[in-house]
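Engineer: Chains as they are written, first to last, in the numbering used here: chain A, 76 to 170; chain B, 76 to 170. For each residue, glycine too, the CB sits at the ideal point set by N, CA and C.
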DNA sequence: AAAGTATTTAGATGTTTATCTAAATACTAT
DNA sequence: ATAGTATTTAGATAAACATCTAAATACTTT
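(1) Going by beta carbon distance, what residues of the same chain come within less than 7 Å of residue 101 of chain B, once the five residues before and after it are set aside?
(2) Sort out for me which residues DSSP pairs residue 131 of chain A with in a bridge.
(3) Between the alpha carbons of residue 145 of chain A and residue 160 of chain B, how many angstroms are there, rounded?
(4) Mark residue 110 of chain B as exposed unless 16 or more other C-beta atoms lie within 10 angstroms of its C-beta, in which case mark it buried.
(5) Hey, could you find the ends of the alpha helix (DSSP H) residue 117 of chain A is sitting in?
(6) Let me see if you follow: with CB-CB separation under 8 Å, is residue 121 of chain B close to chain A or not?
(7) Judging by CA-CA distance, which residue of B/86, B/79 and B/87 is the nearest neighbour of residue 85 of chain A?
(8) Taking the alpha helix (DSSP H) that residue 194 of chain B belongs to, which residues open and close that run?
(9) What separation, rounded to the nearest whole angstrom, lies between the Cα atoms of residue 99 of chain A and residue 142 of chain A?
(10) Taking any Cβ of chain A, which residues in the segment 142-155 of chain B have a Cβ under 9 Å from it, in chain order?
(11) At a CB-CB cut-off below 7 Å, which residues of chain B make contact with residue 158 of chain A?
(12) Cα separation between residue 120 of chain B and residue 147 of chain B?
(13) Is DSSP giving residue 100 of chain A helix, strand or coil here?
(14) Can you find a C-beta in chain A that's less than 8 Å from the C-beta of residue 102 of chain B?
(15) Between residue 124 of chain A and residue 131 of chain A, is the Cβ-Cβ spacing less than 8 Å?
(16) Give the straight-line distance between the Cα atoms of residue 118 of chain B and residue 87 of chain B, rounded to the nearest whole angstrom.
(17) Does DSSP put residue 93 of chain B in a helix, a strand or coil?
So this is what it looks like as structure tokens:
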């Protein structure tokens, strides 16, 4: 879970997720959207893959990346948890 | 927005938010929950404050910290955006 | 005003991380 | 098999970050 948050902390990696939400893409296509070398993007893809935020599939000489929304559920749950303050103490902010 | 994600990337800072979701706390009370020096916690509090994930209020010799859920909305919106894949292309993952 | 408590600021240090270039691997097509 | 294309691995470097100790600031109480 900590690894997921760390993965999301980088703007390039979040942009990759934004790209993949529209359609699956090869590593090269993804790299073409950035002003960075392919090895750098490959590193970011690997970071995302390790957290299972994305998955890859080899097709011929290409590797196709796609988003995996399963892990997002967990992150969302943490957010919901934080946003539901304890009602006994809620309102103290306004004092 | 990038600063918010970077702030959330540290486990100690997320734990601070977990503490503050229950009740407001002084800097000292927060620090007592961790095996770290007070300056270190102070630094984390400052990072959270800069992103407006928390706010502080001076009361006498204490400084009371509280959570600010406003910013969480923005982060949540990003997540919702990523999780709604483009329907035209959705389903290609299963191929 | 002096002493005590709460918190932050300053400065230093070791670790992690984003990025690069160069080289390696893997597949395709001639 | 050779050449070409796609992608990753390895190794290096510089910047960012978490943490510490020591010192400073600010408030309270005697």
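Structural biologist: According to the structure shown:
(1) Excluding residues up to 5 positions away in sequence, 137, 138 and 139 lie with their Cβ nearer than 7 Å to the Cβ of residue 101 of chain B in the same chain.
(2) A/140
(3) 13 Å
(4) exposed
(5) 113-125
(6) Not closer than 8 Å to any Cβ of chain A, the Cβ of residue 121 of chain B fails to qualify, so no.
(7) For residue 85 of chain A, the closest alpha carbon among the candidates B/86, B/79 and B/87 is that of B/79.
(8) The requested residue 194 of chain B does not occur in the structure, where chain B is confined to residues 76 to 170.
(9) 8 Å
(10) Correct list: 142, 143, 144, 147, 148, 150, 151, 153, 154 and 155.
(11) 144 and 147
(12) 16 Å
(13) Strand at residue 100 of chain A.
(14) no
(15) yes
(16) Cα to Cα, residue 118 of chain B sits roughly 11 Å from residue 87 of chain B.
(17) helix
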